[in-house]
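Residue numbers (our numbering): 4 to 333. Each residue gets a CB set at the ideal place from its N, CA and C atoms; glycine is no exception. What you are looking at is a predicted structure, and each value in this text was computed from that prediction instead of being measured. Scroll down for the structure; my scribbles are underneath it.
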Amino acid sequence: MNRIAELFGIKYPIIQGGMVWCSGWRLASAVSNAGGLGLLGAGSMYPEVLREHIRKCKAATDKPFGVNLPLMYPNVEAIIEIIIEEKVPVVFTSAGNPKTWTSYLKEKGILVAHVVSSSKFAIKCQEAGVDAVVAEGFEAGGHNGREETTTLCLIPAVRRVTTLPLIAAGGIGTGAAIAAVTALGADGVQIGTRFALAQEGSAHENFKQYCLNLQEGDTRLLLKKLAPTRLIKGAFTSQVEEAESRGATPDELRELVGKGRAKKGIFEGNLTEGELEIGQVASLFREIEPVQQIMQEIMTSDNEAKDSHINVRRNSKKYVSLMLNTNKSN
Numbered sequence: 004m005n006r007i008a009e010l011f012g013i014k015y016p017i018i019q020g021g022m023v024w025c026s027g028w029r030l031a032s033a034v035s036n037a038g039g040l041g042l043l044g045a046g047s048m049y050p051e052v053l054r055e056h057i058r059k060c061k062a063a064t065d066k067p068f069g070v071n072l073p074l075m076y077p078n079v080e081a082i083i084e085i086i087i088e089e090k091v092p093v094v095f096t097s098a099g100n101p102k103t104w105t106s107y108l109k110e111k112g113i114l115v116a117h118v119v120s121s122s123k124f125a126i127k128c129q130e131a132g133v134d135a136v137v138a139e140g141f142e143a144g145g146h147n148g149r150e151e152t153t154t155l156c157l158i159p160a161v162r163r164v165t166t167l168p169l170i171a172a173g174g175i176g177t178g179a180a181i182a183a184v185t186a187l188g189a190d191g192v193q194i195g196t197r198f199a200l201a202q203e204g205s206a207h208e209n210f211k212q213y214c215l216n217l218q219e220g221d222t223r224l225l226l227k228k229l230a231p232t233r234l235i236k237g238a239f240t241s242q243v244e245e246a247e248s249r250g251a252t253p254d255e256l257r258e259l260v261g262k263g264r265a266k267k268g269i270f271e272g273n274l275t276e277g278e279l280e281i282g283q284v285a286s287l288f289r290e291i292e293p294v295q296q297i298m299q300e301i302m303t304s305d306n307e308a309k310d311s312h313i314n315v316r317r318n319s320k321k322y323v324s325l326m327l328n329t330n331k332s333n
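Rendered as structure tokens:
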């Protein structure tokens with residue numbers, strides 16, 4: 004059986020990314036009901052709001068689900084206590100040191116995965132005792148690693164240094180992409196962008212429709228003096244680019260970003276003044292689909308991609324054998 008599916012008790016080794024303003028109880032429960040692991044995005048929730056979403060998720064699914072917790076966010080202690088009180092079985096931590104909370108969570112019987120952007124931090128995850136590691140490449144939306152390593156380079160690098168169950172993330176939204184990262188050593192995948200644009204996602208309709216019209220190159224990795232963030236080109240992004248090009252200080256950039264900018268763009272649908280975050284893979288999609296349909300498409304195309312890969316390998320072996328025999332006869 005697949006290591007990730009077995010670890011989390013799910014049918015498919017597919018994790019839904021816990022994205023701010025996109026990952027409420029409707030999306031998380033829909034993904035869990037469809038055979039994956041849904042995650043609530045605690046980064047955009049006050050503690051009691053998270054408690055409400057946990058309880059609604061429990062009512063909507065009898066399958067495993069979890070919470071994504073960015074460790075740099077405020078109220079971490081309160082959120083962790085709610086997770087424990089509500090008996091959430093899985094926590095994905097990010098944006099912080101995995102050693103800080105992993106032991107405490109595991110003592111409470113909670114499975115812990117941690118998101119990294121380099122093999123160096125994957126080693127720290129193994130030392131911290133996490134149950135799985137998520138290696139997220141530069142293509143991902145929202146907050147990103149400073150290394151700017153692409154997923155296809157990151158996965159084999161992380162696989163080389165750790166024996167932990169490995170989840171690939173960043174730029175993955177199709178079955179073919181799953182087949183590719185599996186060939187590189189991943190045991191499962193975390194999908195953010197495609198689920199953010201799902202029918203059950205809590206992002207505003209304006210935001211979803213805008214993302215579904217994006218072309219290649221319509222996102223940029225900016226705000227590197229603060230925390231590298233992938234943003235969609237637009238009015239706010241132009242302001243950020245102008246500020247960065249004239250050498251704005253971190254304090255000036257913080258003032259420009261202000262508070263609630265991501266909520267304004269993603270959750271409230273203000274495409275002019277909001278901070279619009281999405282992954283590069285958004286340019287592949289043109290429809291808002293229900294989660295069940297997305298999962299079916301992904302799994303069907305994954306199987307087709309694997310069959311195609313097997314045929315390519317067979318044909319390659321036949322070609323090499325033919326060439327070797329030809330050379331011998333000559």
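Item	Value
Span of the beta strand (DSSP E), counted from its first residue to its last, around proline 73	68 to 73
One or two residues paired with threonine 222 in a DSSP bridge	Ile235
Separation of aspartate 65 from glutamate 219, as counted between CA atoms	39 Å
Bridge-paired residues (DSSP) for glutamate 139	Ala172
Segment contact, 8 Å Cβ cut-off, at least three pairs: the segment 282 to 293 with the segment 191 to 207	yes
Helix, strand or coil at threonine 153 according to DSSP, with G and I counted as helix	coil
Range covered by the alpha helix (DSSP H) that runs through phenylalanine 198	196 to 199
Burial state of arginine 289, where buried means 16 or more other Cβ atoms lie within 10 Å	exposed
Environment of tyrosine 15 [buried if 16+ CB atoms lie within 10 Å]	buried
For threonine 185, the three-state DSSP class (helix, strand or coil)	helix
Residue environment, valine 280, which counts as buried when at least 16 other CB atoms sit within 10 Å	Position check: residue 280 holds glutamate in this sequence, whereas valine was assumed. So glutamate 280 counts as buried.
Proximity to alanine 125 [Cα-Cα], best of Asp221, Ala138, Asp254, Glu271	Ala138
Inter-residue spacing [alpha-carbon to alpha-carbon] between serine 241 and leucine 226	12 Å
Bridge partner(s) assigned by DSSP for glutamine 193	Ile18, Ala172
Whole-Å CB distance - isoleucine 82 paired with alanine 116, under 8 Å assumed	16 Å between Cβ atoms; not a contact.
Aspartate 334 burial status per 10 Å Cβ neighbour count (16 or more: buried)	Residue 334 lies beyond the residue range present for the chain, which begins at 4 and ends at 333; the question has no answer from this structure.
Buried versus exposed, by CB contacts within 10 Å (16 or more), glutamine 19	buried
Contact set for lysine 236: own chain, Cβ-Cβ below 8 Å, skip 5 residues either direction	Asp221, Thr222, Arg223
Bridge-paired residues (DSSP) for leucine 274	DSSP, once it has assigned bridges, lists no residue as partnering leucine 274.
Helix, strand or coil at serine 97 according to DSSP, with G and I counted as helix	strand
For isoleucine 301, the nearest candidate out of Gln212, Ile17, Phe11 (CA to CA)	Ile17
With 16 other Cβ atoms within 10 Å as the buried cut-off, status of methionine 298	buried
Aspartate 134 beta carbon less than 7 Å from that of arginine 6	no
Burial state of threonine 303 (16 or more Cβ within 10 Å)	exposed
Whether leucine 74 touches threonine 96 by CB criterion (7 Å)	yes
Through-space distance from lysine 228 to aspartate 245, alpha-carbon basis	Strictly speaking, residue 245 in this sequence is glutamate, with aspartate absent from that position. Cα to Cα, the separation comes out at about 14 Å.
Exposure label - arginine 233; buried when at least 16 CB within 10 Å	buried
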